[in-house]
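Have a look at the structure below, then the notes.
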Amino acid sequence: MGNRTNSKRIYYLIKLFLMIFCLLLALPSYGQSLVSNVDGKIRVIILHYGKPRRDGFWHDQTVFFRDLMNKMDKDVAFVVVLGKDKKAEKAREILKPYAEAKLPDGTPRVKFLTVDVETNNFYPWARDGYLILADEKGNLTFLDVGFNEKPFPITNFDEVFENAKTLAGVIHRGGGNIRTTRSEMIIGMDTMLGITVPPRWYPYSEKNLYLMAKELKPKDVPLFRKKFTAYCKFIQRVLAPDKKLVIPGEDDFFARLEKGEFAFTKKTVRDTGAQASYHTDVYLGLGHIDERGKRVIFIADARLGAKVIERMTEEERRAIERKLPKILAQEGLTACDIPVTAEQIAKRFKWDKKKLLDLSLKRALEVAPRLDKAAKRMEELGYRVVRIPYLPNGLCTKREYGISFNYSNVLTEVYGNRKRVYMPEYGFPQMDDAAAEAYRNCGFEVVRIKGVVTQSLTWAQDNAGIDCLTSEIRFPVRWAKKYYRKDQ
22 MGNRTNSKRI YYLIKLFLMI FCLLLALPSY GQSLVSNVDG KIRVIILHYG
72 KPRRDGFWHD QTVFFRDLMN KMDKDVAFVV VLGKDKKAEK AREILKPYAE
122 AKLPDGTPRV KFLTVDVETN NFYPWARDGY LILADEKGNL TFLDVGFNEK
172 PFPITNFDEV FENAKTLAGV IHRGGGNIRT TRSEMIIGMD TMLGITVPPR
222 WYPYSEKNLY LMAKELKPKD VPLFRKKFTA YCKFIQRVLA PDKKLVIPGE
272 DDFFARLEKG EFAFTKKTVR DTGAQASYHT DVYLGLGHID ERGKRVIFIA
322 DARLGAKVIE RMTEEERRAI ERKLPKILAQ EGLTACDIPV TAEQIAKRFK
372 WDKKKLLDLS LKRALEVAPR LDKAAKRMEE LGYRVVRIPY LPNGLCTKRE
422 YGISFNYSNV LTEVYGNRKR VYMPEYGFPQ MDDAAAEAYR NCGFEVVRIK
472 GVVTQSLTWA QDNAGIDCLT SEIRFPVRWA KKYYRKDQ
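This note's numbering runs 21 ahead of the 1-based position in the sequence shown.
What follows is the structure, encoded as structure tokens:
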């Protein structure tokens, strides 16, 4: 009898152990977390050679690529993702001298990753298409963010990085709206509102949190916020369970919602004028931890940008407006793939006749309160805020093309005693110098990067910058084995 009892105990213990083991296997692994966007020396930059679908205007991206490669440390590696057509072949040829250079580990400084797409259909902003996660051993996972177009999800990163994995995800708007340090993850409110809520029963159609919020009555806001928080915690657990989650625009959004005010008036956030209040890549950059232990946050300041314009004479303003088309031509601007001259660009946009900078001054003063509110909120959250001059496109209210001068969309790196910022150079000396001075006053070495003016050509209030164009890794990586073969 005793042996039978012992046998049963052993049987149930084994069964219990197996159940626990199976449950542990079923649990997701949270050993990975988003890579930092500021802490540590940049080791790898990922770039996309592509073209957006935007009224046919684009440029030679290698102007930007080459200036970045020339001015970054020579031990920084570059991975250029490109398609399968003559434009991609031409880009390879232009970048060949950089690919022939060697890193300290003996591998090519520039490595090309070919994807199944034509250049004209390839999304050029490397920050948005995927998020990069890493574990303690440096194993990389590329979390696709659900772009519904070729070549996403990009599944062949393992051709460049050893054992790299791709996971397909649905993080709305992607990395361009997420800022990460070693201890926190800052996400723009519009990314959270873009979370899709699938239908469970017919005939309800698919919605997102944005549409759900838009239909709320003030009395229903508290319950909705609890549900919103649940979604946010899930996103945090997927992306960075070891980091504090910060959503700068959350309190402001819900405070207005409780009063019956909806912050956005259209489905597309960019078109509402709320872009600068909620999309972090427009107004927020990351800095170091200061002597008091506070993280420095760089926030765009439209008032500072306005002051720069106010100090300029009318002729100085018109001179800059006449100069910008020449810079666009130097960047290789094309219209429907046809190269255009500075004269043709000036005739098309007529910025000196429309007085672009005068309109930008007016627009800057209109958007300044929203950016001030964002700065105040980040200070309340315990950050040290440093304001950086910024000037929106003044023609956005007329839906006409202009230039946005955004100096917060930058690459920063902080390690040891070094603080460095890679900042766009627009060829607008008064604005370029004011932004550089703001960073230098904060102890940063300023590296000015050319080739970004076309990126800032927009009919909206703001547009992309250096941070949008790049995705970076800040620790040593293991390259695919093929790069270490002698025949490579």
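Ideal Cβ placement from N, Cα and C applies to all residues, glycine included.
Proximity to Y119 across T201, K92 and A456 peaks at K92, based on C-alpha coordinates. It is roughly 35 angstroms from the alpha-carbon of S57 to the alpha-carbon of P220.
In the pairwise beta carbon analysis, the region 472-481 is classified as touching the region 422-432: at least three pairs are separated by under 8 angstroms. Between F283 and E387, the alpha-carbon positions lie close to 19 angstroms from each other. With a cut-off of 8 angstroms on Cβ pairs, the region 429-437 is not in contact with the region 330-337, counting fewer than three such pairs. In the three-state DSSP reduction, R495 falls in the coil class, being neither helix nor strand. Residue nearest to K111 within the set T128, F99 and F133 is F133 (criterion: CA-CA distance). Only residues of its own chain outside the window of five on either side were considered, and among them E183 have a CB closer than 6 angstroms to the CB of R499, listed in chain order. Here the region 341-361 does not lie against the region 402-414, with fewer than 3 beta-carbon pairs under 8 angstroms apart.
When beta bridges are read from the DSSP output, Y436 appears opposite R439. Membership of I175 in any beta strand (DSSP E) is not indicated, and neither H nor E is assigned to it by DSSP. Residue burial annotation: L244 is exposed, with fewer than 16 other C-beta atoms found within 10 angstroms of its C-beta. DSSP places D322 in the strand class (E or B) of the three-state scheme.
In the displayed model, E364 falls within a helix according to three-state DSSP.
In the DSSP annotation of this structure, the continuous segment of the beta strand (DSSP E) that includes L161 starts and ends at L161 to D165. Annotated three-state conformation of E466 is strand, per DSSP. Straight across, the Cα-Cα distance linking L260 with R130 is about 29 angstroms. In the DSSP assignment, E205 falls outside any alpha helix (DSSP H) and within the unbroken beta strand (DSSP E) covering E205 to I208.
K375: member of the alpha helix (DSSP H) spanning W372 to K375, first to last residue.
Using a 10 angstroms sphere on the CB of I199, the tally of other CB atoms reaches 16 or more, which defines it as buried.
The region 437-446 makes no contact with the region 363-382; the number of CB pairs closer than 8 angstroms stays below 3. For R408, the enclosing beta strand (DSSP E) stretches over residues R405 to L412. In this structure, V102 and V65 do not form a Cβ contact; the two beta carbons are roughly 12 angstroms apart against a cut-off of 8 angstroms. Of the other Cβ atoms in all chains shown, 16 or more fall within 10 Å of the Cβ of A327; this residue is therefore buried. Closest in C-alpha terms to L325, from the list P360, N427, Q257 and C489, comes N427.
The beta carbons of I207 and L116 sit no closer together than 8 angstroms. If you check the CB distance, I487 and V473 come in under 8 angstroms. Looking from the CA of R113, the closest CA among D81, R316 and A396 belongs to D81. The criterion of a C-beta distance shorter than 8 angstroms is not satisfied by N141 and K171.
Boundaries for I256: no beta strand (DSSP E) harbours it, while the alpha helix (DSSP H) harbouring it runs V242 to L260, taken from the DSSP string. For F85, no beta strand (DSSP E) segment is defined; the enclosing uninterrupted segment is the alpha helix (DSSP H) at T83 to K92. Counting every other CB atom within 10 Å of its CB across the protein chains shown gives K72 a total of 16 or more, marking it as buried. Between the alpha carbons of R87 and A455 lies a gap of roughly 25 angstroms.
Counting other Cβ atoms within 10 Å of its Cβ, E121 stays below 16 and is therefore classed as exposed. Its Cα nearest to that of A501, the residue K186 stands out among D165, K186 and C417. Taking each of G314, E331 and P413 in turn and checking the Cα distance to A321, the smallest one comes out for P413.
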